Amino acid sequence: MAKPSHDPSIDHEPHLTGFDSFNEVDSSEAKADKILAREAARRTHHDVVEHTVWGEPAIDEQFSGTPDEQGVTYERWLRANEARTSWAKSLLATAGVAAVAGPFGILGALMSSDSLGSAGIAVIITVAVAAPVAEEIAKIAAPLWVVEKRPYWFKSVWQILLCAAAGGALFGVIENLIYLNIYIPNAQPSLARWRWTVCMGLHMNCSVVAGIGVARIWYHTHRTGNRPNLSLGVPWFVLAMVGHGLYNFSVTMAEVFGGLDFND
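Counting from 1, position 168 in the sequence shown corresponds to residue 655 in the numbering used here; the numbering is continuous, with no gaps.
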């Protein structure tokens with residue numbers, strides 16, 4: 488490719504030289520065009536709404552007017568998908584979310600258990616702070632993802648609460664099976680009863696509390712057509728974590744100073 492002249496006159500402007508060499512497209516630009524074209528071909532309407540400019544403060548309807556029929560807005564995307572989603576599809580999605588919520592919680596418990604082998608204050612921090620935070624977030628991760636990315640899968644707040652309760656119940660069942668068959672294979676009947684009643688109730692109640700936060704986020708989006716606002720659910724998430732943490736702290740202190748064995 489010929490190098491452009493440094494002569495400041497207009498005589499050497501590409502469109503005045505008569506040479507096509509200045510108009511050749513750089514090979515890297517041609518490659519980029521192919522990549523962009525390939526991504527555009529794969530893009531779905533879900534991807535488009537993720538990057539739509541409508542809703543940005545500078546392009547809000549109160550400043551720039553209503554978008555035309557071709558304009559992609561979050562509310563239009565939401566309402567169109569709500570209309571296309573039948574109750575049968577919604578209930579099927581709810582069942583799937585409820586089924587994976589518990590296992591996600593177990594992953595959260597495993598991620599927060601790294602310091603359980605430590606001593607003293609590290610154990611208390613892990614049991615009373617790290618574990619409740621990780622578990623409660625993990626148990627609602629699946630319904631929260633749906634509310635963020637596919638809110639039209641849910642048609643009622645009760646579906647979200649059902650997913651949260653099921654996540655807590657499945658988490659409790661899996662945790663009890665691990666504890667009573669691997670960690671404490673010869674557990675006393677009283678400990679087994681405690682885990683299948685008190686611990687199960689704890690996990691279900693905390694999950695439902697966190698689920699109320701998810702439901703609040705969804706309801707606001709469903710009612711207004713605005714993007715999900717996670718801050719609406721944070722108080723309920725924190726409440727679930729605090730309740731779980733207080734229970735863990737209490738039973739840990741009872742084990743240390745009272746000789747009781749709760750193993751949760």
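Virtual Cβ for every residue (Gly too), placed ideally from N, Cα, C.
As the structure is a prediction and not an experimental result, all values here were calculated from the model.
I'd like the list of long-range same chain contacts for Val614, defined as Cβ closer than 6 Å, with 5 residues on each side in sequence excluded. Asn735 and Thr739
CB Ile462 to CB Ala697, shorter than 9 Å? Since the displayed the chain opens at 488 and closes at 751, residue 462 lies outside it and no answer follows.
Out of curiosity, what's the CA-to-CA distance linking Ile661 and Glu742? 23 Å
Are Cys693 and Gly655 closer than 9 Å when you measure CB to CB? yes
Trp723, buried or exposed, once every other Cβ within 10 Å from all chains shown has been counted against 16: buried
Length of the line joining the Cα atoms of Pro619 and Leu726: 11 Å
Could you name each continuous alpha helix (DSSP H) segment of 4 residues or more that falls completely within the stretch 653-713, going from the start of the chain to the end? 676-681 and 687-711
Tell me the DSSP secondary structure of Lys642 in three-state form. In this structure, Lys642 counts as coil in the three-state DSSP scheme.
Residues near Pro630 by beta carbon distance below 6 Å, same chain, minus five either side: Take Pro630, set aside five residues on each side of it, and the residues of its chain with a beta-carbon closer than 6 Å to its own are Val584, Ile647, Cys650 and Val701, in chain order.
Please name the residue, chosen from Ser737, Ala586, Ile497 and Val729, that lies closest to Glu622 on a Cα-to-Cα basis. Of the listed residues, the one whose Cα sits closest to Glu622 is Val729.
Is the distance from the Cβ of Gly732 to the Cβ of Met691 below 9 Å? no
Within a Cβ cutoff of 8 Å, which residues of the same chain sit near Val695, ignoring the five residues on either side of it in sequence? Leu648, Ala651, Ala652 and Gly655
In angstroms with no decimal places, state the Cα-to-Cα distance between Leu717 and Phe591. 19 Å
Quick one: what's got a C-beta closer than 8 Å to Val634's C-beta in the same chain, skipping five residues either side? Phe641, Ile647, Val701, Ile704, Trp705, Thr708 and Pro715
Cα-Cα separation, Val611 to Ala617: According to the sequence shown, residue 611 is Ile rather than Val. Taking the straight line from one Cα to the other gives about 9 Å.
Residues near Glu562 in its chain [Cβ-Cβ closer than 6 Å; skip 5 each side]: In the same chain as Glu562, and ignoring 5 residues on each side of it, the C-beta atoms closer than 6 Å to its own belong to Gly712, in chain order.
Endpoints, alpha helix (DSSP H) assigned at Pro630: Ala628 to Lys636
Would you mind giving the Cβ-Cβ distance between Thr572 and Tyr639, rounded to the nearest angstrom? I have them listed as a contact below 8 Å. That belief holds up - the Cβ atoms of Thr572 and Tyr639 are roughly 5 Å apart, short of 8 Å.
Buried or exposed for Ser496, going by 16 or more other Cβ atoms inside 10 Å? exposed
8 Å CB neighbourhood of Gly604 in its chain, flanking five on each side removed: Unreliable placement is indicated for Gly604, whose pLDDT of 47 sits below 50; no coordinate value is reported for it.
Identify whether Ser737 lies in helix, strand or coil by the three-state DSSP scheme. helix
From Glu565 to Gln675, what distance separates their C-alpha atoms? For the record, residue 565 in the displayed sequence is Leu; it is not Glu. Between Leu565 and Gln675, the C-alpha separation is close to 53 Å.
Have a look at Ala679 and Ala628 and give me their C-alpha separation to the nearest angstrom. Roughly 28 Å separates the two Cα atoms.
Anyone know if the C-beta pair for Ala588 and Leu657 falls short of 9 Å? In contact: Ala588 and Leu657 (Cβ atoms closer than 9 Å).
Name the two residues that bound the continuous alpha helix (DSSP H) containing Asn568. Per DSSP, the unbroken alpha helix (DSSP H) holding Asn568 starts and ends at Tyr561 to Arg571.
From Ser737 to Trp574, what does the alpha carbon distance come to, in whole angstroms? 43 Å
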